Amino acid sequence: MIQLTNRLQQFLAKKNHHHFIDGSYTNAESEQQITVINPATEAAIGKVALGTKESVNQAVAAAKKAFNYNSDWRKMSPDDRGKILYRLAEKITEHAESLAQLVTLENGKLIKDARSSDAGGAAKTFRYYAGWATKIEGETLDISQPQKGGRQNFAFTRREPVGVVAAIVPWNFPISIAAWKIAPALAAGCTVVLKPSEETPLSALLLAELAMEAGMPPGVFNVITGDGRTTGASLTTHPDVKKITFTGSTYTGKIIGKAAMDNITDISLELGGKSPAIVFNDADDLAFAAQGVAAGIFRNQGQVCVAGSRVYIQKKVFDKVLTDISHAAQKMKISHGFDETAQLGPLVSKGHLQKVRGYIHTGMEEGATLVSGGVVNPKDKGFYLAPTIFSAPDNDQQIITEEIFGPVLVAVPFEDMEDALRLANDSHLGLAATVWTKDISKAMSMINRLEAGVIYVNSPVRSDPGLPLGGYKQSGIGRELGKVGVYSYTTLKSVNIVY
Ligand code: NDP
24 MIQLTNRLQQ
34 FLAKKNHHHF
44 IDGSYTNAES
54 EQQITVINPA
64 TEAAIGKVAL
74 GTKESVNQAV
84 AAAKKAFNYN
94 SDWRKMSPDD
104 RGKILYRLAE
114 KITEHAESLA
124 QLVTLENGKL
134 IKDARSSDAG
144 GAAKTFRYYA
154 GWATKIEGET
164 LDISQPQKGG
174 RQNFAFTRRE
184 PVGVVAAIVP
194 WNFPISIAAW
204 KIAPALAAGC
214 TVVLKPSEET
224 PLSALLLAEL
234 AMEAGMPPGV
244 FNVITGDGRT
254 TGASLTTHPD
264 VKKITFTGST
274 YTGKIIGKAA
284 MDNITDISLE
294 LGGKSPAIVF
304 NDADDLAFAA
314 QGVAAGIFRN
324 QGQVCVAGSR
334 VYIQKKVFDK
344 VLTDISHAAQ
354 KMKISHGFDE
364 TAQLGPLVSK
374 GHLQKVRGYI
384 HTGMEEGATL
394 VSGGVVNPKD
404 KGFYLAPTIF
414 SAPDNDQQII
424 TEEIFGPVLV
434 AVPFEDMEDA
444 LRLANDSHLG
454 LAATVWTKDI
464 SKAMSMINRL
474 EAGVIYVNSP
484 VRSDPGLPLG
494 GYKQSGIGRE
504 LGKVGVYSYT
514 TLKSVNIVY
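Put into structure tokens, the structure is as follows:
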């Protein structure tokens, strides 16, 4: 068992955690509390406040004050803003082990993934966007308006920070997805109120402490804890919020999208996925492809938006590739996240485990063939599930049309490229896809015709701060990360000076 860091022990010793608003923890004694559960042991690890409308108002007011035209933050040079973001990246790196351990405690994921994807990913994202603070550009435009008396036009655009940003994030990568929103929003000069998921609120609070230690002015980055229905809804309907950035399910995205329109609030939505992995006969190395497909679905217990949860395998190699994927799955060591040799940890919560099991039952009822895994919990305690693989003849079943968000893969055979495209594009979602072939012409045809926002060839999908992420169809609106990510927190002002 890993020894918890001193910093984390001190943090957890507080037991009751309050919102982080205007540079410090608030007094939220009167609010109801939510207990945060360790999914590996089912033990409580702390309590957070369930943010009411009043505390949301307080957080938004702090963010609004920090965005005031005369605030330190608004007057700060882009270079100084970038320095704070860079210092926060350094702070995250310095305290990476504490953050990673906390993410493993509240989410259940493997510590090695919490170190690389959560703490490591967040540091990388803040470092990347620290550089963008000084690179936000408008344009000069040669317009054709006639002016009297020989006067001329000087027309240009400026990009200005949009204002107070409400960031709502899910539990699967609590720190790194938060960083995908906070870092570009702050680089653009906005201020932020973050609402983490009620399953994983603690790491967001630790991140807020680190932001203060990095020299973030009070009110620039606030964290309000609570649930979606009360706290999240109060935040997304707040008239002083000027941009909502949401990552979560398509179901919740639709609710938030409608709420945003009541105030005509700018919004970006990063939603669910049911991403296809397509393995052709001519994949360079079929065993390598099978390993990649297994990694693409079972990483983080399948709780990954870009998880390749449907695999289409060309008929000639279907049996071989499916057998290899299934062997890889059966060999995975299932254990708690602090076991450094574990390959699959528990799912995030009892409710989520029940939901995923429900889909496995449905798959069996609908006649899909269970290749490996199933509904049985392999441990006495904790929310565990063995990696589960089905095969099915076509796309008819619920397990292949709906996002399961767990370690469940469905394999379907295909004839040729047209058939693969038909199956892959037959979905209301369009977040990501992977293609496994050594034929570059075939790969290019697939890239052109697949309806997905992110496509990887011969690799499972990974994220990188420089590469935009977002979905086609009901997988979302807008893109996160990269240059478009920071520009999505700006609004454009068009100016013409007649001289
Ligand atoms: P949910 O949609 O249930 O929740 C996401 C966040 O929204 C949580 O913080 C939740 O709070 C909050 N929320 C819930 N209801 C409301 C509401 N009415 N108003 C405001 N906020 C609300 O998603 P999950 O947390 O279950 O996350 C899994 C989903 O996220 C999957 O569909 C996955 O595909 C998607 N996702 C998409 C990514 C992408 O980049 N496209 C990346 C990662 C995940 P609380 O939890 O406290 O109820």
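Under this note's numbering, the residue at position 55 of the sequence shown is numbered 78, and the numbers go up by one with no gaps.
Even glycine gets a Cβ: it sits at the ideal position worked out from N, Cα and C.
Quick caveat, the model's predicted, so the values are computed rather than measured.
Q | Length of the line joining the Cα atoms of Thr58 and Glu129 | A | 11 Å
Q) By how many angstroms is the C-alpha of Gly74 removed from the C-alpha of Glu52? A) 11 Å
Q) Between the C-alpha atoms of Pro483 and Gly331, what's the straight-line distance to the nearest angstrom? A) Each residue's alpha carbon lies about 8 Å from the other.
Q) When DSSP labels each residue in this structure, what does Phe341 get in the three-state scheme? A) Assigned with DSSP and collapsed to three states, Phe341 falls in helix.
**Q.** Straight-line gap, Glu54 to Lys373 (C-alpha atoms, nearest Å)
**A.** 25 Å
Q.
Between Arg97 and Thr513, how many whole angstroms is the CB-CB distance? I'm expecting something under 8 Å.
A. Arg97 to Thr513, Cβ: 14 Å. No contact.
Q: Measure the alpha-carbon distance for Ser226 versus Asp462 and round it to whole angstroms.
A: 44 Å
Q | Where Gln326 falls: helix, strand or coil (DSSP) | A | Coil at Gln326, not helix or strand.
Q | Beta carbon of Ala409 nearer than 9 Å to that of Ser395 | A | yes
Q. What is the DSSP secondary structure of Asp250, counted as helix, strand or coil?
A. coil
Q) Ala210 and Ala156: beta carbons closer than 9 Å? A) Ala156 sits close to Ala210, with the two beta carbons spaced by under 9 Å.
(Q) Under DSSP, the alpha helix (DSSP H) around Tyr510 begins and ends at which residues? (A) Gly505 to Tyr510
Q. For Ser257, which of helix, strand or coil comes out of DSSP?
A. helix
Q. So, using beta-carbon positions, are Glu293 and Gly453 closer together than 9 Å?
A. no
Q | Integer Cβ distance of Asn323 from Lys132, believed to fall under 8 Å | A | The pair is a contact, with the Cβ atoms about 6 Å apart (cut-off 8 Å).
Q. Skipping 5 residues on each side, what residues in its chain have a beta carbon closer than 6 Å to that of Thr28?
A. Glu120 and Ser121
Q: Could you tell me which uninterrupted beta strand (DSSP E) segments, each at least 3 residues in length, are contained entirely in the stretch 156-198, listed from first to last along the chain?
A: 176-184 and 187-191
Q. Should the stretch 340-352 be called in touch with the stretch 306-325, which here means at least 3 C-beta pairs below 8 Å?
A. Enough Cβ pairs lie closer than 8 Å, so yes.
(Q) Could you check whether the Cβ of Asn195 sits closer than 8 Å to any heavy atom belonging to ligand 1? (A) yes
Q. Would the stretch 292-312 and the stretch 400-408 be scored as touching if the rule is three or more Cβ pairs under 8 Å?
A. With fewer than three CB-CB distances shorter than 8 Å, the stretch 292-312 does not count as touching the stretch 400-408.
Q. CA-CA distance, Phe437 and Thr273?
A. 28 Å
Q) Which residue's Cα is closest to the Cα of Ala145: Ser486, Gln420 and Tyr510? A) Ser486
**Q.** Separation of Asn80 from Ala208, as counted between CA atoms
**A.** One alpha carbon belongs to Ala208, the other to Asn80, and they sit about 20 Å apart.
Q) What are the boundary residues of the beta strand (DSSP E) that Asn519 is part of? A) Thr513 to Val521
Q) Just to confirm, does Leu294 get its C-beta within under 8 Å of one of the non-hydrogen atoms of ligand 1? A) Yes; taking the cut-off as 8 Å, the Cβ of Leu294 has a heavy atom of ligand 1 nearer than that.
Q. Relative to the alpha-carbon of Ala189, which residue among Gly173, Thr288 and Glu117 has its alpha-carbon at the smallest distance?
A. Thr288
Q.
Quick check on this structure: which residue in Met24, Thr148, Pro62 and Asp362 has the alpha carbon closest to the alpha carbon of Pro488?
A. Thr148
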